[in-house]
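J.:
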Ligand code: AMP
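Numbering (my numbering), first residue to last: 36 to 316.
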């Protein structure tokens, strides 16, 4: 069946009605994206399809989550290819609003990500998580899915969305999906297309550092071994390398046992990349 493309709330209501979604009818899973779909997004869609009768994919490059010096205007936009990917993966609805559809000029109210939005990634991108949570809550309200699927590639984003759903009693169940990587370890990202061949080679040190660090037996060992890999790579400008609690993103102490997230953010040339792995101590 063809993908139904909707651009606003009325279009969504019509699409859902024609598919029998809602009330006690068919179930719907939402996969929010900023487009430029790759194999990582496909894996989210496949997981979503296993969980619900229909899948909606939103494609929206959210201006609210980009800082003034970030890549909003040059972020890749490949809508026709994205539609083909969605059709290929059996997506029922693509929701692709314009910025004007999403944000009224006189809007006032938004979601605050709290203290958790100011640490780790939030410390380097002020306002980013407020923008993410605001758009995700709006997408939840517009699409009204039963389930929403997010990648663990953006581990703090996933933790923050879980926090919002708990704190604001949002009636959507949130699922995390594993990070999809290239054969050589590089985490797939829409931003990888900014990398030159040489930069891509340099960028491989991020995943290498995480995999080597993850073999450590204590938090101090994990961080030291991971750090050594990054320090040996001249083209990597590190923003942070941290070992944090998966739910709160606060740094774990050296006596921590159980799961933790080893997260890295760095700039390679003009491209900022993030990655993480789960470590069991
Ligand atoms: P984005 O389009 O970059 O905003 O990402 C949309 C969703 O895809 C988010 O939930 C991301 O965490 C997820 N995602 C991005 N890259 C990957 C990847 N390599 N593996 C799994 N999920 C990913």
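Ideal Cβ positions, reconstructed from N, Cα and C, are used throughout, including at glycine.
#1: On the criterion of 16 or more Cβ atoms from any shown chain inside 10 Å, does residue 156 qualify as buried, or is it exposed?
#2: Provide the residue(s) that pair with residue 43 in DSSP beta bridges, ordered along the chain.
#3: Only counting the same chain, and skipping five residues up and downstream in sequence, which positions put a Cβ closer than 8 Å to that of residue 129?
#4: Could you give the residue range of the beta strand (DSSP E) that holds residue 67?
#5: Do residue 255 and residue 289 have their C-beta atoms closer together than 8 Å?
#6: Between residue 29 and the ligand AMP, is there a pair consisting of the residue's CB and a ligand heavy atom that are separated by less than 7 Å?
#7: Measuring alpha carbon to alpha carbon, tell me which residue in 265, 215, 271 is nearest residue 233.
#8: May I ask you to check if the CB of residue 208 is nearer than 7 Å to at least one heavy atom of the ligand AMP?
#9: Report the rounded CA-to-CA distance for residue 296 versus residue 226, giving the unit in angstroms.
#10: Out of 83, 150, 170, point me to the one whose CA is closest to residue 144's CA.
#11: By Cβ distance, which residues of its chain are closer than 6 Å to residue 74, with the 5 residues on each side in sequence left out?
#12: Measuring only from the beta carbon, is residue 49 closer than 7 Å to any heavy atom that is part of the ligand AMP?
#13: Quick check on DSSP: helix, strand or coil for residue 175?
#14: So is the beta-carbon of residue 69 under 7 Å away from any non-hydrogen atom of the ligand AMP?
#15: When the Cα atoms are used, what is the spatial distance from residue 228 to residue 59?
#16: Taking only the alpha-carbon atoms, compute the straight-line gap between residue 265 and residue 273 and give it to the nearest angstrom.
#17: Which same chain residues, not among the five before or five after residue 305, have their C-beta less than 6 Å away from its C-beta?
T.: So, to answer that:
#1: By the neighbour-count rule (16 or more Cβ atoms within 10 Å), residue 156 is buried.
#2: According to DSSP, residue pairing for residue 43 in a beta bridge does not occur.
#3: Cβ neighbours of residue 129 beyond the five flanking positions: 38, 39, 40, 41, 91, 92, 93, 94, 117, 118, 121.
#4: Start and end: 63 to 68.
#5: With respect to the 8 Å criterion, residue 255 and residue 289 are classified as neighbours on the basis of their beta carbons.
#6: Beyond the ends of the chain as shown, which are 36 and 316, falls residue 29; an answer cannot be given.
#7: Out of 265, 215, 271, 271 has the C-alpha closest to the C-alpha of residue 233.
#8: False, no ligand heavy atom lies under 7 Å from that Cβ.
#9: As the crow flies, the alpha-carbon of residue 296 is around 22 Å from that of residue 226.
#10: Of 83, 150, 170, the smallest CA-CA separation from residue 144 is found for 170.
#11: Leaving aside the five residues that flank residue 74 on each side, the residues in its chain whose CB is nearer than 6 Å to its CB run, in chain order, 215, 223.
#12: No, since every heavy atom of the ligand AMP falls outside the 7 Å radius drawn around the Cβ of residue 49.
#13: In the displayed model, residue 175 falls within a helix according to three-state DSSP.
#14: Yes, the Cβ of residue 69 comes within 7 Å of a heavy atom of the ligand AMP.
#15: Distance from the CA of residue 228 to the CA of residue 59, rounded to the nearest whole angstrom, comes to 43 Å.
#16: Answer to the nearest angstrom: the Cα atoms are 8 Å apart.
#17: Taking residue 305 as the centre and dropping the five residues before and after it, the same chain places no C-beta closer than 6 Å to its C-beta.
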